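Before any comments, here is the structure.
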Amino acid sequence: MLSNSLIEQDRAHLVHPVASWRGHEATGVRLLKSAKGATVTDATGHQLLDGFAGLWCVNAGYGQESVIEAATKQLRELPYATGYFSLGSEPAARLAARLADHAPGDLNHVYFTLGGSDAVDSTVRFARYYWNARGLPQKDQFISVQQGYHGSSTVGAGLTALPAFHAGFSLPLDWQHKISSHYAYRNPVGNDPQAIIATSVAELRAKIDQIGGPERVAAFYVEPIQGSGGVLVPPKGWIAAMRAVCTELDILFIADEVITGFGRTGPLFACEEEGIVPDMMTTAKGLTSGYVPMGAVFLSDHVYDTIADGAGAAAVGHGYTYSAHPVSAAVGLAVLDLYEDGLLENGRRMGARLLAGLQGLSDHPLVGDVRGRGMLAAIELVTDKQLKTPLPAVAQPSTRIFDRAWQNGLVLRAFAQGVIGYAPPLCCTEAEIDQIVERTRQTLDQTL
Ligand code: PLP
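Quick note, the sequence shown lines up with residues 94 to 541 if you use our numbering.
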């Protein structure tokens with residue numbers, strides 16, 4: 094039974110991330126109690142399919158015994174070792190080597206963090222270090238993309254381009270700049286892929302000029318698919334075109350794969366599919382499948398070597414107490430085993446089924462757009478398909494859709510702009526994928 098005192102404790106003392114504090118006081122907490130595979134059970138005993146893998150992170154699904162065993166064994170053997178100075182632990186070294194082996198191109202060096210926000214933060218510091226080491230300290234301006242999300246740290250939240258993360262915080266910072274998103278469904282240039290690519294390339298070049306030319310620009314950030322902005326999938330070739338501009342103008346290209354990494358879009362990393370190698374790549378979430386916190390920055394050979402040579406015998410002064418945490422690393426190794434042993438393959442098959450299923454909802458009067466790749470998808474809800482009028486008030490926690498889906502046994506993600514997002518665990522069965530689609534249709538019918 095759900096105890097009232099527990100709800101009161103939460104209401105009185107727990108400050109929830111990305112929540113209306115006053116709204117939460119009114120609604121109270123929705124507690125989850127247990128989970129197995131792709132199913133979560135709330136504190137009242139209600140079972141739901143987790144269509145969002147927690148927060149796009151539990152890629153392996155819940156209750157994977159090999160992961161639990163790896164964490165338990167590591168907790169007994171060595172629950173903590175610092176990565177500072179030249180100290181370390183066996184699982185951290187092994188995980189870094191295996192990740193480097195899997196990473197695209199020459200992303201051979203791995204810097205572990207606690208999650209995605211501090212991974213992004215680390216790349217900002219590494220980029221500054223890199224240009225200083227190259228004797229170009231005036232390259233200190235950063236560009237990212239509207240609708241992008243790059244975390245909630247003081248610096249990363251400025252690169253993030255979602256209004257809720259700026260309002261009241263006086264962000265972004267004056268060295269952070271944005272270009273428009275590729276957002277095909279609502280792009281002023283229409284949805285022709287070549288037109289979208291040409292426009293983005295022109296806008297990036299114009300932005301660089303406006304800032305003072307390439308000699309002022311340190312780095313450009315992209316998500317291979319924009320997640321929190323509403324699962325916005327760029328046209329094929331968009332990322333390669335943006336990468337090419339950065340290569341030509343000697344600007345670091347940083348891929349934020351915090352959501353897209355670790356099989357979310359099909360391959361281990363989404364960049365592989367685009368055939369590009371970023372200068373740095375940020376990851377988190379699926380790295381440990383959400384069982385314990387961990388993120389990782391991948392550095393290419395030339396970024397690593399430039400920083401290393403620049404520092405010489407001195408320390409590169411950037412680190413966290415929990416960088417390369419041995420328990421997180423042990424979990425990362427066990428999760429990587431799962432990806433290699435069929436989880437990626439299952440995710441690819443289930444992703445195709447999910448997208449086909451959601452495309453089957455296109456005939457629904459509320460569905461304006463269906464998009465996605467792999468186990469990352471969205472439907473965009475409108476009240477008028479011609480005018481593309483967004484369905485109002487689908488954002489959590491007020492959303493009727495989220496509540497109805499919950500009652501129908503489905504956890505989904507409702508975004509402010511009328512978008513419903515999907516990121517189920519890669520371990521889903523065909524029947525579970527079909528249920529996610531069926532429960533969505535049921536929920537939409539109830540919303541008409
Ligand atoms: N970058 C991207 C693309 C993300 O989606 C997120 C989180 O959703 C982050 C960074 C921040 O990661 P974290 O919440 O682990 O700090």
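Here a beta-carbon is modelled for each residue, glycine too, at the ideal position from N, C-alpha and C.
Just so it is clear, the structure is predicted and the values come from calculations on it, not from any experiment.
The alpha helix (DSSP H) that contains residue i, what's its start and end?
i, result
"K378", "Per DSSP, K378 belongs to no alpha helix (DSSP H) and is neither H nor E."
"A404", "394-404"
"T533", "523-540"
"L148", "146-149"
"A407", "Premise fails: A407 is in no alpha helix (DSSP H) and is neither H nor E."
"A119", "114-120"
Candidates the options: which alpha carbon is nearest residue i's?
i, options, result
"D430", "L264, Q239, R187", "R187"
"A422", "R104, G147, T175", "T175"
"M387", "A212, H109, N97, Q102", "A212"
"I289", "L125, M335, D394, V409", "M335"
"V409", "Y397, G323, H418", "Y397"
"V310", "T414, E101, I236", "I236"
"R534", "Q510, P485, Q452, L480", "Q452"
"A471", "E523, G322, V424, A524", "G322"
"D143", "Y155, M443, A136", "Y155"
"K129", "G121, R115, A153", "A153"
"Q510", "V315, L325, G305", "L325"
"G147", "L541, L519, Q102, Q240", "L519"
"F262", "W268, K271, A250", "A250"
"M374", "A295, C150, A449, G198", "G198"
"P371", "K329, G359, V315, G412", "V315"
"W149", "A427, D402, G403, F355", "F355"
"R357", "L99, P265, E367, L437", "L437"
"H195", "P360, H457, A498", "P360"
"T206", "A333, L459, T482, T381", "T381"
"V493", "T540, L503, G383, L448", "Before going on, a small fix: residue 493 reads as Arg here, not Val. Ranking the options by Cα distance to R493, first place goes to T540."
"I318", "H275, T340, H457", "H275"
"S127", "E118, G138, T120", "G138"
Sorry if obvious, but does the Cβ on residue i come closer than 7 Å to a heavy atom of the ligand ZN?
i, result
"E523", "Inclusion of the ligand ZN in the displayed structure is not the case, the ligand content consisting of the ligand PLP alone."
State the DSSP-derived secondary structure class of residue i, mapped to helix, strand or coil.
i, result
"I236", "strand"
"Q489", "Residue placement at Q489 is poorly supported in this model, since its pLDDT is 49, which falls under 50; the coordinates still yield a value, given next. DSSP places Q489 in coil when its eight states are reduced to three."
"S127", "strand"
"L480", "coil"
"L99", "helix"
"G154", "coil"
"R227", "coil"
"G138", "coil"
"A507", "strand"
"T247", "coil"
"L252", "helix"
Any idea if residue i is buried or exposed, counting beta-carbon neighbours within 10 angstroms, 16 or more meaning buried?
i, result
"Y515", "buried"
"Y177", "exposed"
"V108", "exposed"
"H202", "buried"
"P485", "exposed"
"Q140", "exposed"
"N439", "buried"
"S455", "exposed"
"V179", "Here residue 179 turns out to be Ser, not Val, going by the sequence shown. That one is exposed."
"E531", "exposed"
"P92", "Nothing in the structure corresponds to residue 92, since the chain is present only between 94 and 541."
"W114", "exposed"
"T353", "buried"
"V111", "exposed"
"A507", "buried"
"S491", "Since pLDDT at S491 reaches only 45, below the 50 mark, its modelled position is unreliable, and no value is offered."
"I301", "buried"
"S215", "buried"
"G305", "exposed"
"Y173", "exposed"
"R169", "exposed"
I need the boundaries of the beta strand (DSSP E) containing residue i, first residue and last residue.
i, result
"R464", "460-466"
"G514", "512-515"
In chain order, each alpha helix (DSSP H) run of at least 4 residues that lies wholly inside the segment 254-309: 286-304
Any alpha helix (DSSP H) of 4 or more consecutive residues that is wholly inside the segment 160-216: 183-195
Sequence ranges, beta strand (DSSP E) only - wholly within the segment 311-381, length at least 3: 345-349, 373-376
Those runs of the alpha helix (DSSP H) which lie wholly inside the segment 412-470 and span at least 4 residues: 419-431, 437-452
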